[in-house]
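The numbering of the sequence shown is the numbering used here, which starts it at 38 and goes up by one.
Below is one structure, written out as structure tokens, with a few remarks after it.
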Amino acid sequence: MKSLYKAKIYHKRFLPRVNKFTYSGFYIRFSIEKLKDLESLLFSVNKFNLFSFYEKDHGYRDGSSLEKWVNDILGKAGINNFSGSVVLQTFPRIIGYVFNPVCFWYCYDEDKLIAIICAVNNTFGESHNYVIEQGDNEINCTLPKEFHVSPFYDIIGKYKFDFTNNNTVKIDYYIDKKLQLCTGIT
């Protein structure tokens, strides 16, 4: 399956004490307009398989249109009347189980990357969307933290997002310019 990729996921927290881990996994990357093309012997859409993708795990989380959700999120960020293509990078369900701390929605207008939606999820079932506007294929952006993710950190500080080649994502977390946490998917 050409949309399934091996990944290395890493996480290193510096404070209150150092804690780090790295593990291997899989992510999927596909155009949401071609969702049904993902179907194969080992991969299903909206039904159980070794690997699967459920629309209800994303967007409004009710199985409704992912395109509408993307347009609504972009509209709230001031990007109106979006009619381009969207490529989603996320973790698939594996034997029915999914852990998706963050998903990346790459929004293109005529093959030009105009925005990335970073949909962040926490262990409390809550989510928050960071919209990064851009015109290049390599993106570096710093945004204020607006969402509670970890019990170790309050809602203060900033995230530095670093996207390279549309496949490697690094997110660093700073408080008062001091690095607190490094995370990434390669």
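Every residue, glycine too, gets a C-beta built ideally from N, C-alpha and C.
For residue i, list the residues DSSP reports as bridge partners.
i: E170; result: A152
i: N158; result: S164
i: L216; result: Y211
i: T205; result: T201
i: V139; result: V157
i: G221; result: Y47 and K207
i: V186; result: Looking at the DSSP assignment, V186 forms no beta bridge with any residue, so it has no partner.
i: I131; result: F88 and Y134
i: D146; result: K149
i: Y42; result: Y64
For residue i, count neighbouring C-beta atoms within 10 Å of its own C-beta (all shown protein chains included) and say buried if the count is 16 or more, exposed if not.
i: N117; result: exposed
i: K149; result: exposed
i: S89; result: buried
i: G133; result: exposed
i: F161; result: exposed
i: G115; result: exposed
i: V135; result: exposed
i: Y167; result: buried
i: S61; result: exposed
i: K113; result: exposed
i: I192; result: exposed
Given this structure, state the Cα-to-Cα distance separating residue i from residue j, to the nearest angstrom.
i: K105; j: N86; result: 27 Å
i: T201; j: S101; result: 30 Å
i: F51; j: F128; result: 26 Å
i: V139; j: K84; result: 22 Å
i: I110; j: E147; result: 19 Å
i: V55; j: Y47; result: 13 Å
i: Y143; j: S122; result: 8 Å
i: I169; j: I154; result: 6 Å
i: Y64; j: K197; result: 22 Å
i: S224; j: Y211; result: This structure cannot speak to residue 224, because the chain is shown only from 38 to 223.
i: K71; j: Q126; result: 14 Å
i: G221; j: K207; result: 4 Å
i: A156; j: V107; result: 11 Å
i: C151; j: L180; result: One detail in the question is off: residue 151 reads as Ile in this sequence, not Cys. Each residue's alpha carbon lies about 17 Å from the other.
i: R130; j: Y91; result: 8 Å
i: K49; j: V124; result: 28 Å
i: H185; j: D74; result: 35 Å
Could you check where the alpha helix (DSSP H) with residue i kicks off and where it finishes?
i: I176; result: Premise fails: I176 lies in the beta strand (DSSP E), I176 to P181, not in any alpha helix (DSSP H).
i: L103; result: L103 to K113
Going along the chain, which unbroken runs of the beta strand (DSSP E) with 3 or more residues stay wholly within the region 47-83?
56-68 and 80-82
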